[in-house]
Structures are given as structure tokens and as C-alpha cells.
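Working notes, structure below.
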Amino acid sequence: MAPTKLFITGGTGFIGGSVLDAIQSTYPELEITALLRRPNESFTSRYPSIKIIKGTFEDFDIIQDASEQADIVLHAGNTDHMASVKAILAGLAKKTTQSLLLHLTGTASISDTMQGNKSFAGKLNPRVWNDIDDVDEIYNLSTDIIHRDVDRLIADANNDLVKTITVSPPDIYGQKTSSGTTGSFLVPEYVKAIIELKKAFYLGEGQNIRGLVHISDVVSLFVLILGKYLQGGEGLDYGKEGFYFASSDGVKWKDAAEAIAKIGHEQGWLTEETQPVSLSLEEFVSLRFKNSFFQDQIILYMWGSNSRAESARAKRLGWEPKGPSFWDCLAEDCRVAAEEYAKASN
């Protein structure tokens with residue numbers, strides 16, 4: 001029997017690289033192909049059995065052909081890159097045997113500010129989105145909201161031969177388990193921001209809650225879903241219902257800001273021991289930082305909005321978050337972020 005073939009995009013990223021590392025060790029029988037923009041020695045030496053295809057998300061034909069040859073496509077690259085998703089689906093549509101598209105997205109689409117609601121900016125929003133009870137509402141969110149155009153296209157592509165599943169983690173903490181990029185955005189970008197400002201900050205009351213998950217728990221959900229599919233797919237949902245939140249906890253941003261400020265002083269990258277300051281909405285969205293794409297609405301989303309999810313579907317499948325807590329990882333995440341900022345500034 002021919003080996004099952006898996007094609008992965010984003011295999012050198014923080015999430016994709018960590019997932020690839022786990023899949024390669026958990027399912028060594030898979031024949032894996034990876035799309036890489038710039039193949040490097042660290043990747044090839046770590047994964048000598050993985051076939052590398054050189055290309056970018058703009059290379060429609062390359063992605064289409066690789067997808068057609070695969071039984072499973074794990075799209076963990078740019079979650080909002082429509083052309084690459086269309087290329088994947090075009091390739092899978094050519095197949096005469098069943099295939100799976102396992103797609104990584106994020107919870108920005110359920111953020112109140114990203115939906116245009118700023119009434120809870122810096123305040124607690126009691127709304128918690130449930131991936132079973134609210135699946136219809138999630139599916140019907142406007143495609144003008146970040147992620148939703150791609151996510152809906154993937155949900156709608158599900159049929160008897162092409163099965164589609166989307167995994168949606170919130171903000172991720174913890175360090176990588178692969179040779180890929182080092183970290184996520186929530187804490188690392190905040191550390192860089194307060195180094196530049198020389199003080200920590202939050203919006204308004206700072207009571208907004210950010211959903212959280214440790215990188216190892218995101219990885220374990222991908223591994224669980226893939227394992228279920230390889231064993232016949234019992235218990236899996238696909239298409240519109242195949243939408244899995246991967247959230248385990250949450251943090252009020254004022255609490256995070258206070259803790260990060262204290263850590264910064266202890267580690268020496270924040271010179272003065274001061275309490276975080278409250279910023280108005282106008283001040284908050286006017287913040288600007290060097291070497292960061294975080295501007296305006298992205299700043300408001302990351303540190304001023306509520307984005308809370310209940311992973312009912314994943315837990316029904318048997319997923320159980322076991323990673324260390326946000327607080328247990330915070331000092332290390334801050335240290336790594338500060339060191340990276342210092343290196344980039346030299």
C-alpha cells in the first residue's frame with residue numbers, strides 16, 4: 001500500500017514548524033512534502049526525509065500540483081492568502097480519491113473590535129464564542145472581517161472527496177519546538193512596544209480579555225485531528241461544522257501589563273519600575289513602533305479587544321489542554337522577546 005502523502009505550507013513558521021515537528025515524529029510513515037521560500041540547512045538537516053518544493057504563496061501552479069499529489073494538505077502559512085488557498089483547492093479538486101485540507105486560521109474574526117464594535121474596547125465583554133453552539137453565526141460573519149473570506153471558502157469547498165477542517169487558536173504563548181521562527185505576537189510585540197515607550201500600557205480600564213493557548217496544545221490538536229483522519233475520520237466534523245477553536249485560557253490585559261512591567265524591571269530591559277499607564281482610545285490607536293506592522297486596528301485588536309472562545313468541538317473530540325500556564329511561561333517569553341529586540345536594534 002502506498003504511503004499517505006502530506007503537503008505542508010508554513011512549515012518553518014512558529015505554529016506550522018511546531019506542528020510539522022510533532023507530525024513527523026508521531027506519524028513517521030507519512031511521506032511529507034514542504035513548500036519553502038528559501039530552503040535552509042537547519043531545515044534539511046532536521047528533516048532529511050522531507051521533500052522540499054521551492055516556491056512562494058504566489059506560485060499557483062506549484063501549489064496546485066503539490067496539492068493534487070497529496071492525500072492531506074496542511075495549510076499553516078499565511079492564513080489570509082486567498083490565492084494560495086484557491087491553488088490548494090484547485091489541486092485537490094483534480095483528485096479522484098478522498099483528500100483532507102487542514103487549515104490554520106485565528107480568532108481575530110471573533111474579536112469585538114475587529115467586528116467594528118468598540119464599545120467594549122478596554123472593557124470586559126461577557127461574550128464567549130462556542131464552536132458548536134455558535135458555528136452558524138461564526139460561518140455567517142461578514143467576509144469583510146479578517147480571516148472570514150478564506151475560512152468560508154474552505155468551509156464551502158467541503159464535499160464527498162475534499163474534506164475540510166479549520167483550526168482556530170487564539171493568542172499563543174510559549175516557545176517553539178522546531179527550527180522555525182521563534183514566537184507569536186501577543187507578548188513578544190508588546191515587550192518590544194514597551195521597551196520603546198519605556199513604560200507598559202493598557203487601554204481604558206484594561207479589563208478586556210484575550211483568549212490564550214500554549215503552543216504545545218495547538219500542536220496536540222493538530223496531531224489529534226490528523227490521527228483521527230488517518231484512522232478513518234470517526235468523530236471528525238468537516239466543512240462549516242469542521243471549525244475547531246483551540247483555546248484553553250484567557251487573561252485580562254491590565255493584569256498581563258502589570259506582570260510584564262514587573263518582569264521587565266527584574267530582567268533589566270525596562271529601566272524604571274513603574275505601573276502600567278491607562279491610555280485613551282485615541283492615544284492607543286495612535287501608538288507607533290519601529291519595525292512592526294502593528295498599527296491602528298491591529299494594536300487595538302491585540303491589546304485592547306476581547307477575543308474569547310470555548311473549544312467545545314475540540315474537547316468533544318478528546319482534546320485536553322495540558323501545556324503550562326500563561327503565567328508560568330511569561331518570564332521566559334519576555335526574556336526571549338527582549339533579547340530578539342536587542343539583536344534587531346544592533
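Each residue of the sequence shown is one higher than the last, beginning at 1 in UniProt numbering.
Positions of the beta carbon are idealized from the N, C-alpha and C atoms, including for glycine.
- For residue 33, the enclosing beta strand (DSSP E) starts and ends at 31-36.
- If you look at residue 288, you'll find it isn't in any alpha helix (DSSP H); DSSP assigns it neither H nor E.
- Per DSSP, residue 323 lies in no beta strand (DSSP E) and is assigned neither H nor E.
- Contact between residue 121 and residue 208 holds, since their C-beta atoms are separated by about 7 Å, short of 8 Å.
- Burial is judged here by how many other beta carbons sit within 10 angstroms of a residue's own beta carbon; residue 275 has fewer than 16 and is exposed.
- Residue 310 and residue 131 have their C-alpha atoms spaced approximately 7 Å apart.
- Around the beta carbon of residue 33, 16 or more other beta carbons lie within 10 angstroms, which makes this residue buried.
- Between residue 172 and the set 332, 146, 109 and 14, the nearest pair of CA atoms involves 14.
- Take residue 258, set aside five residues on each side of it, and the residues of its chain with a beta-carbon closer than 8 Å to its own are 200, 275 and 276, in chain order.
- In the structure shown, the three-state DSSP call for residue 211 is strand.
- Here the segment 56-75 lies against the segment 94-107, with 3 or more beta-carbon pairs under 8 Å apart.
- Contact between residue 164 and residue 152 is absent: CB atoms are separated by about 11 Å, not below the 8 Å threshold.
- For secondary structure counted as the beta strand (DSSP E) over 3 or more consecutive residues, the segment 47-126 holds these complete runs in sequence order: 51-54, 72-75 and 99-104.
- Per DSSP, residue 153 lies in no beta strand (DSSP E) segment; the continuous alpha helix (DSSP H) that holds it begins and ends at 148-156.
- Considering only 117, 135 and 314, the residue with the shortest C-alpha distance to residue 145 is 117.
- The Cβ atoms of residue 263 and residue 329 lie no closer than 7 Å to each other.
- In the structure shown, residue 132 adopts coil according to DSSP, grouped into three states.
- Beta-bridge partners assigned by DSSP to residue 173: 214.
- Taking the Cα positions, residue 327 is about 35 Å away from residue 35.
- Counted as a single uninterrupted DSSP element, the beta strand (DSSP E) harbouring residue 202 occupies residues 201-203.
- With a beta-carbon spacing of about 12 Å, residue 190 and residue 298 fall beyond the 8 Å limit used to define contacts.
- Relative to the Cα of residue 21, the nearest Cα in the group 4, 48 and 38 belongs to 48.
- Take residue 125, set aside five residues on each side of it, and the residues of its chain with a beta-carbon closer than 6 Å to its own are 112 and 306, in chain order.
- Straight across, the Cα-Cα distance linking residue 98 with residue 78 is about 25 Å.
- The beta-carbon separation of residue 67 and residue 88, rounded to 5 Å, stays under the 8 Å limit for a contact.
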